[in-house]
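In the working numbering, the protein residues as written are 1 to 467.
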């Protein structure tokens, strides 16, 4: 018995020593570190949690969480995993209890380790627990996420939560409990947020792509690039889902009457005016007199680069191409921020594409890429311009279809520089590749490994694949 007791004491002192070492690295609350039982149990549950033995980790974790909640952030990092495991294996009232425990854990992390989390992250995590476990209706979800977004927009970055925030509002609108203007306001705010977060990611990707192409990425950089690509793709999917959810609500037939009704009241609200002009432009409602009315209001409130883009749009519609191009160039010269300049050049490219001015559209799309190499939409636009010119470029059917290789290459570049576009990028590239000459055509033409030169507006050339 004495030997067993001695062995237990030796084991405890070993665990205590391990805990001290662990806490020395992790940062500890000194007062609570004086509790030997908390220190020992911290070490025990951490070791279990590391190997995903959450059942064994639960009791020692619970003791530390309830007795020494300020001891170490590991209580909250591992506690989240432990409680999620409990929820996964529970049903009914037990599952709801663990869900409430998890939401309490998020609150306590914010209370005791505020530097490791944020207000928005806490509220979002709690809202997602409620959403995943069907503990809240649309009204409650929207209320919680709206509050979190309003109070701490900077840290509200969870893609799933951004979608639920908007989706629950649309469902509330369909039920007659929220008006359409609020739907558009939140749509603008959420899409701007997704765009901002994706731009941060594509900026990081842009720094790593040259090293990837040169084959000089370190293993750590490869891991980071993979993570950036994955997160950007998620933002792209969420942005697509949000647009689908908005659906016909943003058709011109809905936008125009709403803006006509709200104009007098909102015409001095620069944010509202700019968002209204932007949405009408994106939805191609620029033929309606309301677009000009809103544009003039923007010009009065904020005569910025964007305003000249919309002014050029109106001039082009009225047949004044020279005046329109002067406005577009004025817009680009006014803008000093490269990302904003890129967006403006892309808008101008879209306007010229709609007008059928393909060469001019490509010129502005290239300016968009020059200003921001991560502007994948500009690559997709150029790819489309090439694909729709195939029949006008080349003397033979083979040469005409060879244009699709050039289009596919451009489309693939879009997804590389901006993975949020990977879905539409690969879809376009696959579609264009399918229209390019087949292996049989390459063989029978004797063109394998040779170069096809384009003498139309596209110019340049493409190398035929070797068989």
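Glycine residues also receive a C-beta, built at the ideal position from the N, C-alpha and C atoms. The structure displayed is predicted, hence computed values, not measured ones.
Item, Value
"Opposing strand residues paired with residue 463 [DSSP bridges]", "451"
"Distance between beta carbons of residue 273 and residue 292, contact taken as under 8 angstroms", "Residue 292 to residue 273, Cβ: 13 angstroms. No contact."
"Simplified DSSP assignment, three categories, for residue 304", "coil"
"Entirely enclosed beta strand (DSSP E) segments - the region 23 to 94, minimum 3 residues", "none"
"contact_flag[the region 77 to 87, the region 52 to 62] where n(CB pairs < 8 angstroms) is 3 or more", "yes"
"Residue from 207, 452, 324, 330 whose Cα sits closest to the Cα of residue 352", "324"
"Residue environment, residue 236, which counts as buried when at least 16 other CB atoms sit within 10 Å", "buried"
"DSSP state of residue 129 mapped onto helix, strand, coil", "helix"
"Residue 468 versus residue 63 - alpha carbon distance", "In the structure as shown, the chain begins at 1 and stops at 467. Residue 468 is therefore absent and cannot be evaluated."
"Neighbourhood of residue 433 by C-beta, 8 angstroms cutoff - its chain only, sequence neighbours within 5 removed", "404, 405, 408"
"Simplified DSSP state of residue 254, which is helix, strand or coil", "helix"
"Helix, strand or coil at residue 157 according to DSSP, with G and I counted as helix", "coil"
"Option nearest residue 151 by Cα separation, candidates 181, 120, 414", "120"
"Residue 422 beta carbon less than 9 angstroms from that of residue 229", "yes"
"Cβ contact check for the region 354 to 365 and the region 384 to 392: 3 or more pairs under 8 angstroms", "yes"
"CB contact check: residue 88 to chain C, cutoff 9 angstroms", "Absent here is chain C; the protein component of the structure consists of one chain."
"6 angstroms Cβ shell around residue 94 - same chain, five flanking residues per side excluded", "none"
"Residues near residue 224 by beta carbon distance below 8 angstroms, same chain, minus five either side", "204, 208"
"Residue 198 (DSSP reduced to helix, strand or coil)", "helix"
"Residues of its chain near residue 243, where Cβ-Cβ distance is below 6 angstroms and the 5 sequence neighbours each way are ignored", "none"
"Beta carbon of residue 145 nearer than 9 angstroms to that of residue 123", "yes"
"Segment contact flag, the region 390 to 398 with the region 342 to 349, C-beta cutoff 8 angstroms, min 3 pairs", "no"
"Beta-carbon gap between residue 394 and residue 402 smaller than 9 angstroms", "yes"
"Exposure label - residue 443; buried when at least 16 CB within 10 Å", "exposed"
"Same chain, Cβ closer than 7 angstroms to residue 65, five either side skipped, listed in chain order", "75, 79"
"Contact set for residue 369: own chain, Cβ-Cβ below 8 angstroms, skip 5 residues either direction", "342, 375, 378, 379"
"Start and end residues, alpha helix (DSSP H) containing residue 390", "Run containing residue 390: none; DSSP gives neither H nor E here."
"Inter-residue Cα distance where the pair is residue 364 and residue 276", "24 angstroms"
"Residue from 331, 381, 166, 439 with nearest C-alpha to residue 411", "381"
"Cα-Cα separation, residue 221 to residue 256", "48 angstroms"
"Residue of 138, 294, 200, 311 minimising C-alpha distance to residue 331", "311"
"Rounded separation between residue 286 and residue 280 - CA only", "6 angstroms"
"Three-way DSSP call (helix, strand, coil) for residue 168 in this model", "helix"
"Rounded Cβ spacing between residue 420 and residue 239 (contact assumed at less than 8 angstroms)", "7 angstroms"
"Spatial distance of residue 326 from residue 366 (CA atoms)", "18 angstroms"
"Spatial neighbours of residue 437 in its chain, beta-carbon cut-off 7 angstroms, leaving aside the 5 residues before and after", "398, 401, 402"
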